[in-house]
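J.:
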Amino acid sequence: MRIFDPHIHMTSRTTDDYERMAAAGVRAVVEPAFWLGQPRTSADSFADYFDSLIGWEPFRAGQFGVRHHATIALNPKEANDPRCRPVLDLLPRYLEKDGVVAVGEIGYDSMTPEEDAAFAAQLALAVAHDLPALVHTPHRDKARGVERSLAVVRESGIEPGRVVLDHLNEVTVKLARDTGCWLGFSIYPDTKMSPPRMVELLRAYGTERMLVNSAADWGRSDPLLTRATGEAMLLAGFTADDVDQVLWRNPVEFYGQSGRLDLTDLDLADVDPPTGTYAGNSILRGGS
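Just so we're aligned, residue 1 is where the sequence shown starts under the numbering used here, counting upward by one.
1) In angstroms with no decimal places, state the Cα-to-Cα distance between residue 77 and residue 108.
2) Sorted by chain position, which residues of the same chain lie with C-beta nearer than 6 Å to residue 114's C-beta, five sequence neighbours on each side aside?
3) Taking residue 43 as part of the alpha helix (DSSP H), name the residues at either end of that continuous run.
4) Could you give the DSSP three-state label for residue 18: helix, strand or coil?
5) Quick test of the definition: if touching needs 3 or more C-beta pairs under 8 Å, does the stretch 182 to 192 touch the stretch 210 to 218?
6) My output table needs one value for residue 230: the three-state DSSP class, helix, strand or coil.
7) Could you tell me the boundaries of the alpha helix (DSSP H) in which residue 115 lies?
8) Report yes or no: do the stretch 121 to 140 and the stretch 160 to 174 share at least 3 C-beta pairs separated by less than 8 Å?
9) With a threshold of 8 Å, are at least 3 pairs of Cβ atoms found where one atom belongs to the stretch 235 to 243 and the other to the stretch 12 to 28?
10) Considering only the alpha carbon of each residue, which of 143, 43, 64 lies closest to residue 14?
11) Using 8 Å as the threshold, is the C-beta distance between residue 179 and residue 160 below it?
12) Look at the alpha carbon of residue 129 and the alpha carbon of residue 12, and state the distance between them as a whole number of angstroms.
13) Name the residue from 10, 82, 119 whose alpha carbon lies nearest to the alpha carbon of residue 151.
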């Protein structure tokens, strides 16, 4: 089983996670820029964070044969903080980087006017830089949040097939299914979606334009729940090809629209993983 996790926050995870993920079949990941759990105090904090997403983190992933790409954005929660809004001026520089395959996470947290403005501005950047967009649908008042997100997407003029609406569930998938957007689902231990619930949605709606991710971060989450979903699909009677479509080919197709997805030589990483250092540092203590 080959797995591409299209939404996971590896900055919050350990090298042990990379090792376990690689052993479970995770060969590639996309890490969206997101909230760190506490307020950032300036745009400079974001610059350092973005640099790590396109530098150190791909190096660290590569030591375990996992290919790492990123999406870059001002996340919805921090769009409400006036100290963070100057980040919008930084984005064009980062959206030209080779390893950046979409604008994201963008969208809504509390559906404020500030979030409206940041969402629309960043969809415009996605159009200007010819990139897909990863849209975070809110954890509260989800149905209204998805409806409002879809309205902003329509107003932006971006092609719906270049947008994924993430964190959907049984209620909101019905709102998004026929819009032309891709449908994203986060599999969590306690909240969001579970492997059995995901299997039922795949039975009801099919496997096309469906993205399954772990969204693992600093909270209670599990980077192996993509694998668990694939196993649940097989037990439910889905074919190995169905699993490959959902867990590999779909994310490759979506992020491949960026023209920057690099999955070459992944098989070689199994026998000849990269070595060396990044900025003088390796994944070992002491930088050696």
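Every residue gets a Cβ at the ideal spot worked out from N, C-alpha and C, and that includes glycine.
The structure presented is a predicted model; accordingly, all values stated were derived computationally and were not measured.
T.: To lay it out plainly:
1) Sequence index remark: in the sequence shown, residue 77 carries index 77 (1-based). Sequence index remark: in the sequence shown, residue 108 carries index 108 (1-based). Cα to Cα, the separation comes out at about 7 Å.
2) Position 114 of the sequence shown, counting from 1, holds the residue named residue 114. Taken in chain order, the residues that qualify are 79, 80.
3) By one-based count along the sequence shown, residue 43 stands at place 43. That run of the alpha helix (DSSP H) goes 43 to 54.
4) By one-based count along the sequence shown, residue 18 stands at place 18. Residue 18 falls in the helix class under three-state DSSP.
5) Using a C-beta cut-off of 8 Å, the stretch 182 to 192 makes contact with the stretch 210 to 218, since at least three inter-stretch Cβ pairs fall below that distance.
6) One-based indexing of the sequence shown puts residue 230 at position 230. For residue 230, the three-state secondary structure derived from DSSP is helix.
7) Reading the sequence shown from its first residue, position 115 is the one you call residue 115. For residue 115, the enclosing alpha helix (DSSP H) starts and ends at 113 to 128.
8) yes
9) No, because fewer than three Cβ pairs between the stretch 235 to 243 and the stretch 12 to 28 fall closer than 8 Å, the two stretches do not touch.
10) Here the question's residue 14 lines up with position 14 in the sequence shown. Among 143, 43, 64, the Cα nearest to that of residue 14 belongs to 64.
11) Numbered from 1 along the sequence shown, position 179 holds the residue referred to as residue 179. Numbered from 1 along the sequence shown, position 160 holds the residue referred to as residue 160. Cβ atoms of residue 179 and residue 160: closer than 8 Å.
12) Counted from its first residue, the sequence shown places residue 129 at position 129. Counted from its first residue, the sequence shown places residue 12 at position 12. Straight-line Cα distance between these residues: approximately 28 Å.
13) Taking the sequence shown and counting its residues from 1, the one referred to as residue 151 is at position 151. Ranking 10, 82, 119 by Cα distance to residue 151 puts 119 first.
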